[in-house]
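Everything below concerns the one structure shown next.
Numbering (my numbering), first residue to last: 91 to 327.
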């Protein structure tokens, strides 16, 4: 992603290693392939260690690699479109790690419910990904990247951002309540409230407050995901 975003980074963050010339193209590709092969090797090792007859974790890792490539590279370059790019990031933040962790413990119970729930939860990840786009408006506009802040403007995009984060989590809380997991519903609601409080400052100036918001709110989002995972794992369907 950094390699394909080097022209954008040269505008918004010229001090980064690639646009500043601190590392060469060859060194970039060495890091890409070293991490790629290491990640795949670790995934294969996990499948072997857990005794999977079917390499579930390797498949999840391969999906992640594919998403990472089409997110950044032409011709698809999902990041050029605000909706596809941010959802690809959101699913990489939430769905893929969940599937991998679930498969490590019991791949046989990773079913349609978990897949659908995590893909829907990834809409909250879409909102988090939008937070990163506010600081890039100038560069995205110059390079024709149709991020949501570029497409809709800052004022509309900030409400899409917080709406995606809050409505997704509230919908998950409602789902937990409907299946009878009241205790976990209350815990999740308690974790949503601090995020909403942090959003009061964020929406005043998303460009200036993006890092502050992520530092204040994201830990609660992550603990909410863990709470949901425990609730679903605890529940007998």
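Where is the CB? At the ideal position from N, CA and C, for every residue including glycine.
Burial is judged here by how many other beta carbons sit within 10 angstroms of a residue's own beta carbon; residue 289 has at least 16 and is buried. Rounded to whole angstroms, the separation of the alpha carbons of residue 237 and residue 188 is 26 Å.
Using a 10 angstroms sphere on the CB of residue 128, the tally of other CB atoms stays under 16, which defines it as exposed.
In the three-state reduction of the DSSP assignment, residue 236 falls in the strand class, which pools E and B. For residue 196, the three-state secondary structure derived from DSSP is helix. For residue 298, the closest alpha carbon among the candidates 324, 223, 173, 143 is that of 223. Excluding the 5 residues flanking it on each side, residue 191 has no same chain C-beta neighbour closer than 7 Å. For residue 248, the CB contacts under 6 Å within the same chain, skipping 5 residues up- and downstream, are 293, 296 in chain order. Proximity of the segment 302-315 to the segment 280-289 meets the contact definition, three or more beta-carbon pairs being nearer than 8 Å.
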